[in-house]
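So the structure is just underneath, and the comments pick up after that.
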Amino acid sequence: MFLRLTIISLSVFAFMVYADPIQPIDQQINNQISQDKSRYQQTQLTTKDVLDDKAEIKEDKLYFQPEQNCYEIKSIHLDTERKIANMRLLQQYVDQAVGQCLGIYGMETLAKGLQDKIIKIGYVTTRVNIPEQNISKGLLKLKIIPGTVDNIKLTDNSSEYISLFNTMPTEKGKVLNLRDLEQGLENLERIPGVKTNIELMPGKEFSTTDIEIERVQSSYFNVGGWLNNAGSRQTGKNQIGVTVYGNNLTSLNDTIYVSMGKNLENRARYSTKNQAIYYAVPYNYWLYSVYASKSNYKQTINDSIMSYKYYGENRYLNFSASHVFLRGQSYKDSLTFQLMKRKSRYHLEDISLLSQERDLTNINIGLNHRQNINNSTVDASINYQRNVQWLGAKPSWDMEYGDVSKMGRIITIDVNAVIPFSFDNFVMSYNPQVFIQYTPDNLTIQDQFSLGNRWTVRGFDEEYSLIGDKGFYFRNEFNFYFPNVSIYPYYALDYGRIIGDIYPIGLYSNDQLLGSALGVRGNFNIFNYDLFIAVPLYKPAEYETSDLNIGLNVQWFW
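According to mature numbering (1 follows the signal peptide of the UniProt record, and there is no 0), the residues represented by the sequence shown are -19 to -1, 1 to 539, in order.
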């Protein structure tokens, strides 16, 4: 036993002194983090939005025809029993008539324009009329009659196991706004197997409306899974996993899932395992969620003395609150607040590598925007993240020695779009994505920016990555659709660059990657698949990768 420990200790010393620090430790850490992020994305349920596909036409200019019997308008007063949102905007709109000479036709034009403006804002049951008045002194009054909500109820043929207080962001007596109904519809249909229809019916009292909701849920449990070759050959190239979903189990339209995954092959020399649990519940314009995951991997490292096992473990906990603070007919904006706890441990045989351990707590604040523009969709987000000394966070070894920053400040910008084109019966779409990471600090490996996998720059075998503190990538994807065919070919061309130092410093002579992929996506019954062939087009001479790489991802959901 003493001889074994002595040999291992000498091996560790030799490894730490002579071995390339990114091969295998930092490289494998980076690979594992990328895979953890990917698993989180692929286990998330696809949610619907009810944004209009057509861009809003903002015609705010009023035009008045000359009239013989008219009076010069000096001021306009909007009279309403209850204040509604955007009153300042509405006042600015009608003030276009100040200084104009209006008669009956001009006042009707103004009232109709105001009515249309109110409806576009979302107050579809609010009305405008012109009360009897004397405008000879130049004061014009327009009366706004708010339409309010009376009863909110489920239809007789609806699934009754649903709470409306947290899914419909309106209530009896509130001014009815279409944006509230759209948000409620998204909340009600955020889980699979649900069909919802909302109808507005006249209420019992004047200017009131009943909201009748027909909601049918076909199932409360779903099962999904995946098979891909996105892993590393060092820990298991082929990955398999399963996820069990519970939907609306508490009547709050909440979601919970548990997932487990591992490498497909059973090998003593390497392995990878992962588990995760997720819970989310909506509350009107808010979505609260918690996510926890754990991943373990093992690989065998050979040096001139002996072979030894290297073990890694990552634990991740995320509390998130997202708030939709602005909605329009074709757009919505939201703020996301996240508190993250991360722990990482690494061992060489039985020896703990204290210099590699991490116990970090981060906060992340994000601003998100989604916009539909003439059948195209644009998603944009900007996020700020930094380390905080909360929840027992401890400075790592490299933080204490000043190699990396204790603050770990990161700004990321992510913009992607889906832009469709059609030529007779031929349809295609262009999907660009730009991702930028900036930091003024030296970052730990867990936060560093990397390039060279199917989620950043395609074309490479995903064994190694270019790694730095900041950089960007630009992904371009062209998708082709044919009538009556459920196979969709695509072509991808991606470019990325590390800005500043590339780790390990001095190893690579170039900071750029360029790669392409040709693939097909499709679906059959409960299965979705993505199969592609990728090739590197440009890379540093020292960057090792295969000349031809095949990627596969199969997902199923039932």
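For each residue, glycine too, the CB sits at the ideal point set by N, CA and C.
Note that this is a predicted model, so its numbers are computed, not measured.
Around the beta-carbon of N295, 16 or more other beta-carbon atoms lie within 10 Å, marking it buried.
Leaving aside the five residues that flank S232 on each side, the residues in its chain whose CB is nearer than 8 Å to its CB run, in chain order, Y142, I143 and S144. When secondary structure is reduced to three states using DSSP, E381 falls in the helix class.
If you draw a straight line from the Cα of Q13 to the Cα of N158, it comes to about 46 Å. One thing to note: N168 has its Cβ within 7 Å of the Cβ of T148. Here the alpha carbons of I531 and V501 stand approximately 12 Å from one another. Bridge pairing for K176: V197 [DSSP]. Taking a cut-off of 8 Å for Cβ pairs, the stretch 47 to 59 and the stretch 110 to 124 touch, as three or more such pairs fall below it. For N219 and K290, the gap between their C-alpha atoms comes out near 20 Å. The way I'd put it, the stretch 268 to 285 does touch the stretch 253 to 260; three or more beta-carbon pairs between them come closer than 8 Å.
Around the CB of D33, fewer than 16 other CB atoms lie within 10 Å, so the residue is classed as exposed.
By the Cβ neighbour-count rule, P112 is exposed, with fewer than 16 other Cβ atoms within 10 Å of its own. Residue ranges of uninterrupted beta strand (DSSP E) with 3 or more members, entirely inside the stretch 430 to 454 and ordered along the chain, are 430 to 432. In this structure Q280 is buried. Its beta-carbon is surrounded by 16 or more other beta-carbon atoms within 10 angstroms. Annotated as distal: F416 and Y462, with beta-carbon spacing of 7 Å or more. If you draw a straight line from the Cα of L181 to the Cα of G154, it is about 15 Å long. Scanning the stretch 196 to 233 from its first residue to its last, the whole beta strand (DSSP E) runs of 3-plus residues come out as 202 to 209 and 220 to 228.
Nearest Cα to D235 within the set N265, A211, G242 and N356: N265. In terms of CA proximity to R108, L59 leads the group L26, G165, N355 and L59. In this structure the stretch 395 to 406 does not touch the stretch 431 to 439; the number of beta carbon pairs closer than 8 Å is below three. Assigned with DSSP and collapsed to three states, I400 falls in strand. For the set P376, V239 and G481, the Cα lying nearest the Cα of P421 is the one of G481. In the structure shown, the three-state DSSP call for L121 is strand.
The Cβ neighbour count for M287, taken over all protein chains shown within 10 Å, is under 16; the residue is labelled exposed. Rounded to whole angstroms, the gap between the alpha carbons of D137 and L230 is 21 Å. Boundaries of the alpha helix (DSSP H) around E167: L159 to L169.
In this structure, DSSP gives K313 an extended state, which the three-state scheme calls strand. Its chain contains G503, N504 and F505 as the residues whose beta carbon lies nearer than 8 Å to that of S467, once the 5 sequence neighbours on both sides are disregarded; these appear in chain order.
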